[in-house]
Amino acid sequence: MLTWTEHRTRPPASPTRYEPRPPAGPRAPKPSRQRQKAAEKPKRTPKPPRARLAAMHPAQLEAMMGLVLAVFVAGLFGMINLVNRPVHTNAVFVGTAPNAVAVDPVTNTVYVTNNLTETMSVIDGSKRAVIATVPVGHHPDGVAVDPGTHTVYVANSDSHTVSVIDGLTRKVTATVPVGNTPFGVAVDPGTHTVFVANYGHPTVSVIDGSTHTVIATVPVGNGPFGIAVDPATHVVYATNSGDHTVSVIDGLTYAVTDTVPLGNTAGGVAVDPDTHTVYVANYGHPTVSVIDASRRIVIDSIRVGNNPFGVAVDRDTHTVYVTNFADSTLSVIDGSTHAVTETVPVGNNPDAVALDPDSRTVYVTNYADHMLSVLAAR
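In my numbering, the protein residues as written are 1140 to 1517.
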């Protein structure tokens, strides 16, 4: 069983207005803040849903946030130890609507994109504290790190760009135009190549990490959302939320070599590079699809919580972590048996998850709480 270690901390003041992410669908309405700005900028393509938030009126959201903050003051949310050891690790408050997270294990630095404040929080992994806040583009939705160059890449869905940030100086060094509504982003550390899923256009942009220019555009399925790279084989996997498929891309030739049907609305994706197993969170169904990368077929379907969204793999233990957006939980899966071993309560509307293999730490962004949960992995 999991144990809790209480950590009391005072959160920042709640914002006066909290806007939900737009619901799914090619003709879904935009949040009211975007409607007010419609005359100022072109209409953007709707993004994948954040179901609970999308269903709420802003007044309900404000009331919910007040309750959440009160719970935090009461010390309900704290560090969760996955091995029954009471290690004191605190949650970290970041910007508004944190949705993506990435880790540089070499520098023990964590990067979190804040969708509504349009910033990236830089967190010292050893101190569990925000040490910098970097302005990026409009509505950042994805982040990835090249640990070899300590370069951070942020996909800005409303700007249709990728911000390139020097992880050591914490400065934006380039802004790369990509396709419409970029969402997921992944890096091949062996080739220093960046892959960006353009949700509003059925393509994946390929960026040269040394020149920060787009060197290829790969046609994929409709609504590409999540993206992951197997660094051992240089194979890229892009989830197509509109087609319920996964596009398999040769990361060296930039050609689609296969398409794997899922049958469900695909969200986040992650790869175990040792077993060459791919895990896909099916947002429209409470399951995770398991793909055998060698045969490129679905070999199992694991039942998890409602609206599973983000996925991360611990290659040392072959443990898989999945965020359940609607349940506010994290499913822990044994990669060898494909069985859920734990269901861990986290913050409200957990979105993304990342793992630092060196410090054995798991990070979860909580979209509605402006907070990053910090968990100790085994």
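For every residue, glycine included, the Cβ atom is placed at its ideal position computed from N, Cα and C.
| Asked | Found |
| --- | --- |
| Contact between the region 1395-1405 and the region 1446-1459 (3+ Cβ pairs under 8 Å) | no |
| Length of the line joining the Cα atoms of THR1462 and GLY1234 | 19 Å |
| Spatial neighbours of THR1300 in its chain, beta-carbon cut-off 7 Å, leaving aside the 5 residues before and after | GLY1276, THR1314, VAL1315, PRO1316 and VAL1317 |
| Touching by the beta-carbon criterion (3+ pairs, under 8 Å), the region 1240-1248 and the region 1276-1293 | yes |
| Length of the line joining the Cα atoms of ALA1241 and VAL1284 | 6 Å |
| Rounded separation between THR1426 and SER1467 - CA only | 15 Å |
| Simplified DSSP assignment, three categories, for GLU1481 | strand |
| Residue from THR1356, HIS1340, ASP1413 and ILE1346 whose Cα sits closest to the Cα of GLY1381 | HIS1340 |
| Contact set for THR1414: own chain, Cβ-Cβ below 8 Å, skip 5 residues either direction | HIS1457 and GLY1474 |
| LYS1266 (DSSP reduced to helix, strand or coil) | coil |
| VAL1303 versus HIS1373 - alpha carbon distance | 22 Å |
| Cβ-heavy atom distance, GLY1360 to the ligand SAH, below 6 Å | The model depicted lacks the ligand SAH and carries no ligand whatsoever. |
| Cutoff 6 Å; reference ALA1325; Cβ partners in own chain excluding five residues on either side | ALA1283, PHE1334, ILE1366, ALA1367 and VAL1368 |
| Cβ-Cβ distance between THR1342 and PRO1358 below 7 Å | yes |
| Buried or exposed (CB count within 10 angstroms, at least 16 for buried), SER1260 | buried |
| When VAL1345, ILE1354 and THR1350 are compared against TYR1376, the one with the closest alpha-carbon | VAL1345 |
| DSSP beta-bridge partners of ASP1411 | THR1416 |
| Residue nearest to ASN1487 in terms of C-alpha spacing, selected from SER1440, THR1476 and TYR1506 | TYR1506 |
| THR1256 - partner residues in DSSP beta bridges | Answer is none; THR1256 lacks a bridge partner. |
| ASP1305 in three-state terms, based on DSSP | strand |
| Euclidean distance between Cα positions of SER1534 and GLY1281 | Past the boundaries of the shown model lies residue 1534; the chain is included only from 1140 to 1517, so the question cannot be answered. |
| Spatial neighbours of SER1349 in its chain, beta-carbon cut-off 7 Å, leaving aside the 5 residues before and after | HIS1331 |
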